[in-house]
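Structure, as structure tokens:
Protein chains in written order, with this note's numbering: chain B, 1 to 374; chain C, 1001 to 1082.
In structure tokens:
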């Protein structure tokens, strides 16, 4: 298919790998902050084909994984109510809460529905006026325009039985928090291509300058990923730290202005807890007060305070910050599998643990270490 | 989650006041909201995420990038790359 096949071309992939090999002289650690990229890297095995000097680590790029436990528990409480139809992107259903998950609510008779688009949730609300439809509005900036439009349309269509449980997160704040952590060692970032499709990349320029790290906007196919890695390694080898765009067919510096306008009409920036990491200042979106009537937490104030409980075995917080790789977790593939996940990173198809498990990375000897051949 | 794939716009229409399109993903046809791509036209390749068009793929940029990547390699094979 056009705009897809040519970015999976084996010859060009080999050529780019050879060029990276010629460019690199020292060990470099690069982090992607996008679950789609994590998945693509592990699926294609790019991390094993790159020169040994290049260590790819995976950041908190899976919005399903970083949705705080408190909100997962609230979702479970809402979905359990008889007057509620709970709608969600499919990945959220198996994410473990303190007690059970949304699939368990569905199995017990709760009306939990997987949707493809938030517009589907609006249709369910129109078709079921006697029920309250709750939509679990999670995601990065990529998903925010769709979720914001659902709220705008609910107002336009006067759908008073539609509310949203919002847990939006933003990438630049996460990069800033990672760079301030003494435990996180990153030399360069691959910025998420579809987040930047919406937001542009101007927000990353002050970050690159402040932390003196190159940031390269990168796409998702093997050729795109190697293009981003090559640009990043070139800048590192030359001692420079610009923001570059290796996904120019989709991303402009300014991003999608109409989408940004609707995001800022509906949402405002707020502090947000990231599962496994903690609160990152100004790293999320919440509904603006003028859209408060569509806020599930205001409509159902009784689900506000729930005592949360995480698995003591799960190290997903360290995995999400790139401090540990999935294979360094003693529970990986033993107590924790996609069928019986202890943490969200094993659940979502984009979680780092799930990607390693799915593509057979069960041998600890294959663990990537900078400067060592895998 | 941020997975979004290119699809070709084959029909444009309006539903409930919103600009909508039918988009062809290599034979699979889906509906998508085009409110964020007011300039979209038939035949454009668009990036679609959770039922919303987010960008129109820029053929000129795509061609230039591909050209550049292939050139890089040619230089490398001649041993002149950095």
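Using N, Cα and C, we set each Cβ at its ideal position, and we do this for glycine too. Treat the numbers as computed from the prediction; the structure is a model and nothing was measured.
Among the options, the one whose alpha carbon lies nearest that of residue i
i	options	result
residue 285 of chain B	B:278, B:197, B:296 and B:264	B:264
residue 162 of chain B	B:135, B:171 and B:183	B:135
residue 393 of chain B	B:128, B:25 and B:217	Chain B is shown only over 1 to 374; residue 393 of chain B falls outside these bounds and no answer can be derived.
residue 70 of chain B	B:346, B:358 and B:274	B:274
residue 54 of chain B	B:127, B:139, B:38 and B:188	B:188
residue 194 of chain B	C:1059, C:1040, C:1016 and C:1055	C:1055
residue 106 of chain B	B:90, B:98, B:116 and B:63	B:90
residue 332 of chain B	B:321, B:314, B:262 and B:211	B:314
residue 325 of chain B	B:20, B:59 and B:312	B:59
residue 84 of chain B	B:270, B:95, B:116 and B:125	B:125
residue 173 of chain B	B:240, B:165, B:203 and B:109	B:203
residue 137 of chain B	B:356, B:100, B:294 and B:329	B:294
residue 108 of chain B	B:80, B:123 and B:311	B:80
residue 360 of chain B	B:36, B:35 and B:44	B:44
residue 183 of chain B	B:322, B:78 and B:227	B:322
residue 208 of chain B	B:100, B:156 and B:232	B:232
residue 8 of chain B	B:227, B:241, B:76 and B:133	B:227
residue 1039 of chain C	B:343, B:258, B:266 and B:276	B:258
residue 78 of chain B	B:51, B:251 and B:110	B:110
Simplified DSSP state of residue i, which is helix, strand or coil
i	result
residue 159 of chain B	coil
residue 165 of chain B	strand
residue 175 of chain B	helix
residue 369 of chain B	Note on residue 369 of chain B: pLDDT 47, under 50, position unreliable in the model; the coordinate value appears next. DSSP places residue 369 of chain B in coil when its eight states are reduced to three.
residue 206 of chain B	helix
residue 286 of chain B	strand
residue 227 of chain B	helix
residue 1025 of chain C	strand
residue 277 of chain B	coil
residue 211 of chain B	helix
residue 1067 of chain C	helix
residue 36 of chain B	helix
residue 103 of chain B	helix
residue 83 of chain B	coil
residue 1015 of chain C	strand
Residue i and residue j closer than 7 Å at C-beta
i	j	result
residue 46 of chain B	residue 318 of chain B	no
residue 1004 of chain C	residue 1012 of chain C	no
residue 87 of chain B	residue 113 of chain B	yes
residue 73 of chain B	residue 97 of chain B	yes
residue 170 of chain B	residue 1050 of chain C	no
residue 302 of chain B	residue 288 of chain B	no
residue 201 of chain B	residue 186 of chain B	no
residue 198 of chain B	residue 215 of chain B	no
residue 1024 of chain C	residue 1047 of chain C	no
residue 23 of chain B	residue 57 of chain B	no
residue 291 of chain B	residue 151 of chain B	yes
Residue i burial status per 10 Å Cβ neighbour count (16 or more: buried)
i	result
residue 1029 of chain C	exposed
residue 12 of chain B	buried
residue 280 of chain B	buried
residue 177 of chain B	buried
residue 350 of chain B	buried
residue 309 of chain B	exposed
residue 339 of chain B	exposed
residue 1063 of chain C	exposed
residue 298 of chain B	exposed
residue 1008 of chain C	buried
residue 246 of chain B	buried
residue 210 of chain B	exposed
residue 1044 of chain C	buried
residue 166 of chain B	buried
residue 15 of chain B	buried
residue 38 of chain B	buried
residue 32 of chain B	buried
residue 320 of chain B	buried
residue 63 of chain B	buried
residue 1035 of chain C	buried
residue 348 of chain B	buried
residue 272 of chain B	buried
residue 1079 of chain C	Bear in mind that a pLDDT of 40 at residue 1079 of chain C, under 50, signals an unreliable position, so the number given afterwards is only what the model happens to contain. Exposed, because fewer than 16 other Cβ atoms sit within 10 Å of the Cβ of residue 1079 of chain C.
residue 180 of chain B	exposed
residue 66 of chain B	buried
Just by C-beta distance, which residues in the segment 1028-1062 of chain C are closer than 7 Å to chain B? 1033, 1035, 1036, 1038, 1045, 1047, 1049, 1050, 1051, 1052, 1054, 1055, 1057, 1058, 1061 and 1062
Interfacial residues, the segment 21-39 of chain B to chain C, with Cβ spacing under 8 Å: Listed by position, the residues of the segment 21-39 of chain B near chain C (Cβ gap below 8 Å) are 22, 23, 34, 35 and 36.
Using Cβ-Cβ distances below 7 Å, what residues of the segment 240-269 of chain B are close to chain C? Of all residues in the segment 240-269 of chain B, the ones placed with a Cβ closer than 7 Å to any Cβ belonging to chain C are 248, 249, 250, 256, 258 and 259, in chain order.
Determine which residues of the segment 1004-1019 of chain C have a Cβ less than 8 Å from any Cβ of chain B, and write them out in chain order. 1004, 1005, 1006, 1008, 1016, 1017 and 1018
What residues from the segment 189-212 of chain B come within 7 Å of chain C, judged by C-beta to C-beta, listed N to C? Only 192, 194, 195, 197 and 198 from the segment 189-212 of chain B bring a Cβ to less than 7 Å from some Cβ of chain C.
Which of the residues in the segment 150-163 of chain B, read from start to end, lie with their CB under 8 Å from any CB of chain C? 153, 156 and 157
For the segment 133-148 of chain B, which residues have a CB atom closer than 7 Å to at least one CB atom of chain C, in sequence order? 139, 140, 142, 143, 145 and 146
What are the residues in the segment 105-122 of chain B lying within 8 Å of chain C by C-beta distance? 116, 117, 118, 119 and 120
Compile a chain-ordered list of the residues in the segment 226-237 of chain B whose CB is closer than 8 Å to at least one CB of chain C. 227, 230, 234 and 237
By the 7 Å beta-carbon criterion, what residues does the segment 40-70 of chain B contribute toward chain C? Those would be 62, 63 and 64, in chain order.
Chain C contacts made by the segment 289-320 of chain B, where a contact means CB separation under 9 Å: none
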